[in-house]
Amino acid sequence: MSPLATRALVAIAVVGVLLTFWEQSRLTSYRPSDVFRAPFAPSLNLSSSQAISRRVVAVADLHGDLEHAHNVLRMAKLIDGADPPNWIAGHDILVSTGDIVDRGDDTIALYHMFMRLRRQAQAAGGEVRNCLGNHEMMNALMDWRYVTPGDIDSFGGRVERRQAMSASGWVGKEWMSHYNISHTVELLPQALVPSALQTVYSVPQANFVHGGIHPMWAQRGLDEINDVGHSLLRKALSAKRIDYLPDDATPEERNLYAEKGPLWYRGFALDEEAEVCDEAHDSRQLLGVRHLIMGHTPHFSGFVVRCSVGVLLIDTGISRAYGGEQSALIIDTELAPEGNEWKETETLTALYRNRVPKIIKKDTRKIGR
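The numbering of the sequence shown is numbering that gives the first Met the number 0, which starts it at 0 and goes up by one.
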């Protein structure tokens with residue numbers, strides 16, 4: 000046999016061995032899941048999946064106290080020590096539940112701080128969300144009973160202050176552009192949830208408001224609440240003179256500013272537990288949220304947690320006008336692969352200045368299979 004023929008036979012034999020090895024390997028690696036996947040148990044490509052997380056920080060009534068506002072935001076690791084401070088929290092979300100104004104002199108500096116941090120947070124992938132408090136609306140309505148002389152002087156006088164808090168003034172424009180009656184915040188970025196989980200998992204959400212959203216307002220939905228609030232705010236900022244409310248305020252606008260409206264409601268803070276939890280259940284269901292978080296009613300020793308963290312009251316009297324605790328609520332949420340499942344971990348922490356952080360609750364939930 001010629002050398003050429005010998006080489007050809009060897010090559011054929013090698014190919015045969017390789018084909019046999021491949022066929023055996025293919026058969027032994029067979030799994031039933033390669034053929035059938037139940038629609039209720041989506042395949043999770045865990046090898047290429049990564050954990051996702053989000054940190055949400057909430058602060059309540061600051062009432063004209065820049066120094067204590069800085070203390071709280073630094074304590075929560077949102078800002079650096081510069082003057083003015085800079086956002087250092089990346090994609091975190093900061094929520095203020097309103098009442099930045101009144102009872103202290105630092106109104107201008109506080110609104111400028113939030114404007115600066117909003118721009119910087121957006122550039123870093125984070126967010127700053129602001130709620131209107133009853134004191135923002137009071138100032139728009141020219142109810143200045145709680146305005147300090149130092150606050151008025153910082154604007155240059157009463158006329159200049161009203162101009163700033165008008166439809167054409169810088170504070171009025173800021174309120175109309177960036178402040179809502181209420182915000183609902185995703186506690187995880189929905190866009191980053193793996194596609195395999197989309198049909199079995201919705202990211203948790205929390206609602207933030209100044210006073211509280213009674214079920215009669217929750218059933219209207221967040222968009223309508225904010226639309227009515229902005230409509231009333233626009234009329235207040237444009238009015239020359241106001242006796243309590245603008246003459247052209249609608250019934251809905253008057254109800255929004257009433258005792259059970261979201262700016263003033265104290266039922267979640269003051270009513271009996273059973274009644275509170277019934278109302279909170281209804282409002283949470285209607286709004287599609289896990290937590291209702293609000294300020295407005297101060298509790299000077301710390302946060303009040305009701306209805307198994309369904310309701311969190313976070314006004315602790317931060318401002319020196321009250322002398323309460325300097326505080327921030329932290330919500331850390333993570334979604335991570337664990338074996339053939341995913342695990343959601345949510346940790347709620349109360350931060351107080353000069354006190355050890357207190358874990359309010361830590362929950363773990365398993366999703367998918």
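Cβ atoms here follow ideal geometry from the backbone N, Cα and C, with glycine treated the same way. A quick note: this is a predicted structure, and the numbers were derived from the prediction, not measured.
If contacts are defined as beta-carbon pairs under 8 Å, then residue 97 and residue 135 qualify, I think. What distance do you get, rounded to the angstrom? Going by Cβ atoms, the distance from residue 97 to residue 135 rounds to 6 Å, so yes, they are a contact pair.
Validate contact between the segment 312 to 327 and the segment 45 to 65 using beta carbons, cut 8 Å, 3 pairs: Judged by Cβ distances under 8 Å, the segment 312 to 327 makes contact with the segment 45 to 65, as three or more pairs qualify.
Nonlocal neighbours in the same chain, by C-beta distance under 8 Å from residue 87, ignoring five residues either side: The residues 76, 77, 78, 79, in chain order, have a CB closer than 8 Å to that of residue 87 in the same chain once the five nearest residues on each side in sequence are set aside.
Let me know if residue 349 comes out buried or exposed under the rule of 16 or more other beta-carbons within 10 Å of its beta-carbon. Here residue 349 is buried: its Cβ has 16 or more other Cβ atoms, across all protein chains shown, within 10 Å.
Reference residue 116; option with closest CA among 133, 82, 146: Nearest to residue 116 by C-alpha distance, out of 133, 82, 146, is 82.
Quick one: give me the first and last residue of the alpha helix (DSSP H) that residue 119 is part of. Counted as a single uninterrupted DSSP element, the alpha helix (DSSP H) harbouring residue 119 occupies residues 106 to 123.
Backbone CA spacing between residue 171 and residue 114 [nearest angstrom]: Rounded to the nearest angstrom, the two C-alpha atoms are 13 Å apart.
Report whether the distance from the Cβ of residue 338 to the nearest heavy atom of the ligand ZN is below 7 Å. In terms of ligand content, the structure shown is empty, and the ligand ZN therefore cannot be addressed.
Do the segment 235 to 245 and the segment 290 to 299 make contact, defined as three or more Cβ pairs closer than 8 Å? Counting C-beta pairs closer than 8 Å gives fewer than three between the segment 235 to 245 and the segment 290 to 299, which falls short of the contact rule.
Within 10 Å of its beta-carbon, does residue 364 have 16 or more other beta-carbons around it, so buried, or fewer, so exposed? Of the residues assessed, residue 364 falls on the exposed side of the cut-off, its CB having fewer than 16 other CB atoms within 10 angstroms.
For residue 92 versus residue 58, is the C-beta spacing smaller than 8 Å? Here residue 92 is not near residue 58, since their CB atoms are 8 Å or more apart.
What number of angstroms, rounded off, separates the C-alpha of residue 286 from the C-alpha of residue 180? A straight line joining the alpha-carbon of residue 286 with that of residue 180 spans about 14 Å.
Can you tell me whether residue 110 is buried or exposed, with buried defined as 16 or more other CB within 10 angstroms of its CB? Residue 110 comes out buried.
Tell me whether residue 356 is buried or exposed, calling it buried when 16 or more other Cβ atoms sit within 10 Å of its Cβ. Flag for residue 356 reads exposed.
Evaluate residue 264 with the Cβ neighbour count: other Cβ atoms within 10 Å of its Cβ, from every protein chain shown; 16 or more gives buried, anything less gives exposed. Using a 10 angstroms sphere on the CB of residue 264, the tally of other CB atoms reaches 16 or more, which defines it as buried.
Contact set for residue 345: own chain, Cβ-Cβ below 6 Å, skip 5 residues either direction: So the qualifying residues of the chain are 332, 362.
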